[in-house]
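**Student:** Just so we're aligned: 191 in numbering that gives the first Met the number 0 is position 192 of the sequence shown, and the numbers increase by one with no gaps anywhere. All C-beta atoms in this analysis are idealised placements derived from N, C-alpha and C, irrespective of residue type, glycine included.
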Amino acid sequence: MAGPETQRLRGVVLTTLLGAGAFAVVLASTRSPLFDLDRYAVPKELALHLTALVGLMVLLPGWRWLEATVVEFLLGIYVIWSGMAALLGQNHWLAFRGWSLTFASLVVFVMARAARRAGYGRVLVHLLALAVTVAALGGLLQAYGVEWAILQSDRPPGGTMGNRNFLAHLCVIGLPLAGFVAIDAPRRWLMGAGLSALGILSWTILLTRSRAAWLAALLLLGTALMASWRLPAMGQRRRKRAAGLALVAGALAALLLPNRLEWRANAPYRESLTGLLNYQGGSGRGRLIQYANSLKLIGRNPVFGTGPGNWMVEYPRVTTSGDPSYAGADPIPTNPWPSSDWVAIVTERGVIGTLLLVAAGLAAAVIAFRRRRHPEEGTAALALVGLLIAAVVTGLFDAVIHLAPPAFIVFAGLGALLPDTGTVVTREVTGRRRVAAVGLPLLAAALATLYSGAQLAAIRLTEIGRQRTAMERAVQYDPGNHRLHLLLAMRGNCTQRLPHARAAAELLPYHSYPRQIIRRCR
């Protein structure tokens with residue numbers, strides 16, 4: 000066991016590292032005319048993996064005892080289970096990418112737990128809330144006409160997230176963190192910062208017109224109102240009223256201030272509100288079709304699923320006529336993930352993997368609920384419940400924790416807010432077991448960082464456009480990139496096209512477009 004001074008120093012380092020990682024993961028992006036999603040996703044994943052790698056280097060030296068609470072134990076088993084599912088996946092490149100994000104998220108959670116135990120949990124929550132607020136400000140700047148290169152996207156106001164829905168999900172996840180800062184802050188200037196963050200987040204969420212984020216925000220507001228009487232101190236009651244006013248002020252700013260967003264509807268906010276739970280048509284009906292088809296994959300492999308990231312590989316096998324989620328004539332007919340975290344988890348990691356993650360979330364919620372009246376931990380416990388609600392609800396309708404920024408904020412926030420409990424596993428790790436227990440996580444984190452770095456290098460090489468020489472060099476850095484192989488298979492003579500068409504067909508064997516190229520070149 001580390002001494003108090005060592006533990007404090009480690010807490011400072013981990014808190015600083017997580018704070019820097021939070022800002023990096025929401026701001027990182029690059030340019031590329033060929034990659035719409037990955038030019039945002041890959042740099043952010045690299046920031047997550049770098050944070051996890053350095054964090055392990057801080058945590059593991061001198062480590063001799065395995066001590067895990069029930070939440071830590073369940074999340075650890077979930078990551079191991081996901082790793083076994085990845086080994087069985089059809090596309091190992093996608094499987095490793097998906098699993099490594101899950102692994103890095105667990106490392107971030109463990110780092111945040113260590114920071115909390117050293118006394119820096121509150122500081123970490125402040126840093127996370129600030130990082131989310133900075134991301135929200137990027138969306139606001141874009142909505143009101145600022146044209147910085149870092150804010151350019153086809154789906155405004157996405158800001159540095161590149162997509163308005165992605166930004167909205169992150170902002171609603173940030174609401175409980177900002178609320179904690181506003182209500183629990185020991186100084187008035189910090190309370191003011193928390194109230195400002197609440198207003199900015201509310202402003203941004205309304206502007207995005209993201210129905211999943213709107214629904215999550217409404218549920219958070221209802222939960223906060225029901226729990227409000229459990230904050231007995233008069234000062235907290237005044238702060239709660241101030242927090243409510245900050246949310247209202249942000250919403251009014253979104254409604255009243257003219258912006259540069261070019262919505263097609265005459266009454267865009269009313270249209271989004273009336274369609275909040277509409278599953279009879281539009282995207283709601285498309286989601287139901289996609290969910291029903293995706294769940295057929297469970298019958299094919301209920302134990303381990305398709306493997307992380309492999310939903311898009313297997314989905315053509317279960318799609319049906321009229322499925323709006325599958326554009327069969329397109330070179331890449333599906334999105335990388337289904338329109339739901341939970342559909343993705345159960346189809347890619349099986350029923351047991353899903354139950355492990357659900358059990359970890361329920362355990363965290365029960366622990367928080369039991370501490371709701373604690374004079375020092377009550378506000379943090381309620382913020383943790385809010386964080387879980389935001390992640391679960393947005394994840395019902397979109398991919399959320401499958402993306403690096405919300406995964407980072409959710410797991411770091413949970414680690415910082417979760418009250419301390421007794422351990423369920425305590426074991427000394429020595430000899431060869433310690434070498435494996437230290438070496439394997441470091442190796443996994445290093446490989447994930449190298450892979451994300453190689454993916455980023457490939458994207459940067461295509462920054463100049465669709466020149467074949469640039470794409471040929473890029474695919475050497477990222478040989479598992481289906482898009483690059485497909486683009487190369489669509490240009491040049493058959494001698495040039497065939498190797499890449501075959502590689503694309505091997506990566507996504509149930510997608511028809513690469514096979515069409517192969518047939519034409521025979």
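Using a 10 Å radius around the Cβ and a threshold of 16 neighbouring Cβ atoms, would you call Met-56 buried or exposed?
**Tutor:** Met-56 is exposed by the Cβ-count criterion.
**Student:** In whole angstroms, give me the CA-to-CA distance for Ala-51 and Pro-185.
**Tutor:** Straight-line Cα distance between these residues: approximately 30 Å.
**Student:** Which same chain residues, not among the five before or five after Glu-376, have their C-beta less than 7 Å away from its C-beta?
**Tutor:** Counting only Cβ-Cβ distances below 7 Å, and skipping sequence neighbours, we find Arg-370, Pro-418.
**Student:** Going by beta carbon distance, what residues of the same chain come within less than 7 Å of Ile-458, once the five residues before and after it are set aside?
**Tutor:** Only Thr-29, Ser-31, Phe-34, Asp-37, Arg-38, Val-41 meet the Cβ criterion.
**Student:** Under three-state DSSP, which class holds Arg-426?
**Tutor:** Of the three classes helix, strand and coil, the one that applies to Arg-426 here is strand, per DSSP.
**Student:** Taking 8 Å as the threshold, find out whether the stretch 382-395 comes into contact with the stretch 172-186 through three or more Cβ pairs.
**Tutor:** As far as the Cβ criterion goes, the stretch 382-395 touches the stretch 172-186, which means the pair count is three or higher.
**Student:** Taking the alpha carbon of Phe-108 as the reference point, which residue from Trp-262, Ile-331, Ala-406, Pro-332 has its own alpha carbon closest?
**Tutor:** Ranking the options by Cα distance to Phe-108, first place goes to Ala-406.
**Student:** Evaluate Arg-467 with the Cβ neighbour count: other Cβ atoms within 10 Å of its Cβ, from every protein chain shown; 16 or more gives buried, anything less gives exposed.
**Tutor:** With fewer than 16 other Cβ atoms within 10 Å, it is exposed.
**Student:** For Arg-521, count neighbouring Cβ atoms within 10 angstroms of its own Cβ and tell me buried if that reaches 16, exposed if not.
**Tutor:** Its Cβ having fewer than 16 others within 10 Å, Arg-521 is exposed.
**Student:** Compute the Euclidean distance between the alpha carbons of Ala-242 and Ala-223, then round it to the nearest angstrom.
**Tutor:** Their Cα atoms are separated by approximately 11 Å.
**Student:** Can you grab the Cα-Cα spacing for the pair Lys-295 / Gly-452, in whole Å?
**Tutor:** Roughly 35 Å separates the two Cα atoms.
**Student:** If you compare alpha carbons, which of Asp-183, Ala-142, Gly-158 is closest to Pro-257?
**Tutor:** It is Ala-142.
**Student:** Smallest Cα separation from Gly-10: which of Ala-343, Leu-439, Thr-461, Ala-113?
**Tutor:** For the residues Ala-343, Leu-439, Thr-461, Ala-113, the minimum Cα distance to Gly-10 belongs to Ala-113.
**Student:** In its own chain, which residues sit with a C-beta less than 8 Å from the C-beta of Leu-219, not counting the 5 before and 5 after it?
**Tutor:** Correct list, in chain order: Val-171, Leu-174, Pro-175, Gly-385, Ile-388, Ala-389.
**Student:** Going residue by residue through the stretch 368-432, where are the continuous alpha helix (DSSP H) segments of at least 4 residues, counting only ones entirely within it?
**Tutor:** Here the runs fully enclosed are 377-396, 403-416.
**Student:** Among residues of its own chain, excluding the 5 on either side of Glu-146, which ones have a beta-carbon nearer than 7 Å to its beta-carbon?
**Tutor:** Correct list: empty, nothing qualifies.
**Student:** Consult DSSP for Ala-184 and reduce its assignment to one of helix, strand or coil.
**Tutor:** Coil.
**Student:** Note down the Cα distance separating Ala-94 from Trp-188, rounded to an integer number of angstroms.
**Tutor:** The alpha-carbon atoms of Ala-94 and Trp-188 are separated by roughly 45 Å.
**Student:** To the nearest angstrom, how far is it from the Cα of Leu-65 to the Cα of Val-424?
**Tutor:** Cα-Cα distance, rounded: 7 Å.
**Student:** For the alpha helix (DSSP H) holding Ala-67, just list the boundary residues, first then last.
**Tutor:** Per DSSP, Ala-67 belongs to no alpha helix (DSSP H); it is in the beta strand (DSSP E), 64-67.
**Student:** Among Leu-140, Thr-159, Pro-155, which one has its Cα closest to the Cα of Ile-149?
**Tutor:** Comparing Cα positions, the closest option is Thr-159.
**Student:** Provide the residue span of the alpha helix (DSSP H) that contains Gln-6, from first to last.
**Tutor:** Unbroken alpha helix (DSSP H) run through Gln-6: 3-26.
**Student:** Whose C-beta lies closer than 8 Å to the C-beta of Gly-234 among residues of the same chain, with five residues either side of it excluded?
**Tutor:** Unreliable positioning characterises Gly-234 in this predicted model, as indicated by a pLDDT of 49, which lies under 50. A coordinate reading is not provided.
**Student:** Once the 5 residues before and after Ala-212 are set aside, which same chain residues still bring their CB inside 8 Å of it?
**Tutor:** Here the set comprises Asn-164, Ala-167, His-168, Cys-170, Val-171, Ile-204, Thr-393.
**Student:** Is there a C-beta anywhere in chain B that falls below 8 Å from the one on Leu-386?
**Tutor:** Structure shown: chain B not included; a single protein chain is present.
**Student:** Do the stretch 337-348 and the stretch 68-76 meet, that is, are 3 or more Cβ pairs less than 8 Å apart?
**Tutor:** With the cut-off at 8 Å, the stretch 337-348 and the stretch 68-76 do not touch.
**Student:** Going by the CB atoms, is the gap between Arg-482 and Ile-331 shorter than 8 Å?
**Tutor:** Yes; because the gap between Cβ atoms is below 8 Å, this pair is in contact.
**Student:** Helix, strand or coil for Asp-477, going by three-state DSSP, please let me know.
**Tutor:** Coil at Asp-477, not helix or strand.
**Student:** For Trp-336, count neighbouring Cβ atoms within 10 angstroms of its own Cβ and tell me buried if that reaches 16, exposed if not.
**Tutor:** That one is buried.
**Student:** When you compare only the Cα positions, how much space is there between His-91 and Ala-252?
**Tutor:** Using only the alpha carbons, I get a separation of about 47 Å.
**Student:** Below 6 Å CB to CB, which residues in the same chain sit around Thr-14 once its five sequence neighbours on both sides are set aside?
**Tutor:** Within the same chain, Thr-14 has close Cβ partners Ala-114, Tyr-119, Val-122, Leu-123.
**Student:** Suppose contacts are defined by Cβ-Cβ distances below 8 Å. Is Thr-429 in contact with His-48 by that definition?
**Tutor:** No, Cβ-Cβ distance for Thr-429 and His-48 is not below 8 Å.
**Student:** Out of Ala-21, Val-24, Glu-71, which one is the CA nearest neighbour of Ala-358?
**Tutor:** With distances taken between Cα atoms, Ala-358 lies closest to Glu-71.
**Student:** Does the separation of the CB atoms of Ala-135 and Leu-200 fall below 8 Å?
**Tutor:** Against a cut-off of 8 Å, the Cβ pair of Leu-200 and Ala-135 comes out as a contact.
**Student:** Here's the rule I'm using: 16 or more other beta-carbon atoms within 10 Å means buried, otherwise exposed. How should His-484 be labelled?
**Tutor:** His-484 comes out buried.
**Student:** Among the candidates Leu-127, Ser-320, Ser-324, Pro-508, whose CA atom is the shortest distance from the CA of Leu-416?
**Tutor:** If we check each option's Cα against that of Leu-416, Leu-127 comes out closest.
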